[in-house]
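This report concerns only the one structure given below.
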Amino acid sequence: SPPSSAPAESEQRNVRSSSNEEGGLQQDTHVFTSGYLGVSSSQQLTGLPPYLPPRRPRVVCLHGFRSNSDLLRVQLAPYLARSFADLFEWVFVSSPKRATGPAQADIPLEFETFEWWGTADLPYETAWTRGFDDFYETFGHVTRLGPLDGAVGFSQGAAIATVLPVQWLVLFSAVEPPLPHLLPSDDSRRCLHMYDPNEAYVGACASVKAKFESADCHEHSDGHAVPSTPSSIDAFERFVMEQRDGRKARKKSRKTRESGTAQGEQALVGNRDLAPTGEALRSTGEAGSYVEADRSALQAHPT
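Residues in the sequence shown are numbered from 864 upward in steps of one, following our numbering.
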């Protein structure tokens, strides 16, 4: 029988982990992903490249003070259990800096915990306000993950998220980064702030929120925590889907511009094949200027 041309699709869900210890700093990265790769038998015979689904937005998830990526995955489990989560690639990463003191009492002692900065010279409640020497090392650990579309962070992890080169953010009970000048006072990126107006660090949350020009806010009553209420998860889902849809719209707009540029260039070629009159030359010159202007716009705004 002739080979089938229909893609054979398979679905898989996996977590890739890597660990590398060197000089007291441990790298711990987990990628939570689901997707498929369909390859038809006709493609195999003809040597055509397999069908690749569109790239999903890549989102880094950063844990809080003296925690780790596994604990944050548990905190975000109610969010990622919803179907919309499959439309994104969620990258969970632990700080390379081991905790300099004990974690919260509700975290089992056998859990290895990490901090983005901190000191052993102060009690847990204030230890995160000092010990900035390793900040650039821990920050660089995240930037080496490669291109990222968005970032989700809790507490200290939210502070790291604010200074990452991403297009949008979701910040749970954010505190300010240790070097405030790294976060401009007129940040135009889209950001969803989620915090309890009665939590102990609400002043820090409000201060971070004030730095963003386009800030959405969802308040809850779960304290300094990642809330698990349906209304909080709904707010999260609405926001990240808006960012995904906006990204798709930008890509569509770019393709439209590129298509228009190609059509304009083809029109110029057609005009050159004709015996040009003065009017035709003027028309060609105008079209050429539009093509060059569009190229400049694409280079200036690649997204």
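Note that beta-carbon positions come from the ideal geometry of N, C-alpha and C, so glycine has one too.
(message) Could you check whether W979 and T963 sit closer than 7 Å to each other, using their CB atoms as the reference points?
(response) no
(message) Relative to the C-alpha of L1011, which candidate in V1026, F1017 and F998 has its C-alpha closest?
(response) V1026
(message) Do C1054 and L1032 have their beta-carbon atoms positioned less than 7 Å apart in this structure?
(response) yes
(request) Compare the C-alpha of Q1201 against each of S1091, G1086, S1077 and A1088 and name the closest. (result) With the chain represented from 864 up to 1166, any question about residue 1201 goes unanswered, as that position is not in the structure.
(request) In the DSSP assignment, find the unbroken beta strand (DSSP E) run with V956 in it and report its ends. (result) E952 to S957
(message) When you compare the segment 930 to 943 with the segment 982 to 992, are there three or more beta-carbon pairs, one atom per stretch, that lie closer than 8 Å?
(response) no
(message) For a test of the three-state rule: what should DSSP assign to F977, helix, strand or coil?
(response) strand
(message) Please list the terminal residues of the continuous alpha helix (DSSP H) segment that includes D933.
(response) S932 to L943
(request) Check whether the Cβ atoms of V1029 and G1016 sit closer than 7 Å, and answer yes or no. (result) no
(message) For a test of the three-state rule: what should DSSP assign to Y999, helix, strand or coil?
(response) helix
(request) Go ahead and pull the three-state DSSP assignment for G820. (result) Residue 820 cannot be examined here, being either before or after the span of the chain that is shown, 864 to 1166.
(request) Return the Cβ separation of M1104 and H1083 in integer angstroms, given the expectation that the two are a contact with Cβ distance under 8 Å. (result) The Cβ separation is near 20 Å, so there is no contact.
(message) Please classify G994 as buried or exposed, where buried requires at least 16 other C-beta atoms within 10 Å of its C-beta.
(response) buried
(request) Can you say whether G1003 is buried or exposed, counting buried as having 16 or more other CB atoms within 10 angstroms of its CB? (result) exposed
(message) Per DSSP, what are the beta-bridge partners of C1068 in this structure?
(response) Its beta-bridge partners do not exist; DSSP assigns none.
(request) Write down the C-beta distance between A1024 and V1071 rounded to the nearest angstrom, noting that I regard them as a contact closer than 8 Å. (result) Not quite, the Cβ-Cβ distance comes to about 10 Å (not below 8 Å), so this is no contact.
(message) Between the alpha carbons of Q967 and F928, how many angstroms are there, rounded?
(response) 9 Å
(request) Answer yes or no: do H926 and G1020 have a C-beta to C-beta separation smaller than 7 Å? (result) yes
(request) Using alpha carbons as the reference points, say which of K1074, H1087 and S1094 lies closest to V1065. (result) H1087
(request) Return the Cβ separation of P1040 and L1046 in integer angstroms, given the expectation that the two are a contact with Cβ distance under 8 Å. (result) 6 Å
(request) Helix, strand or coil for D949, going by three-state DSSP, please let me know. (result) helix
(request) Name the one or two DSSP bridge partners that L1055 has. (result) V1033 and D1079
(message) In this structure, how does DSSP classify L1046 when only helix, strand and coil are distinguished?
(response) coil
(request) Would you kindly work out how many angstroms separate the C-alpha atoms of S1048 and P971, rounded to a whole number? (result) 39 Å
(message) Less than 7 Å between the beta carbons of S957 and F974, yes or no?
(response) no
(message) Please report the distance separating the alpha-carbon of F955 from that of D933.
(response) 8 Å
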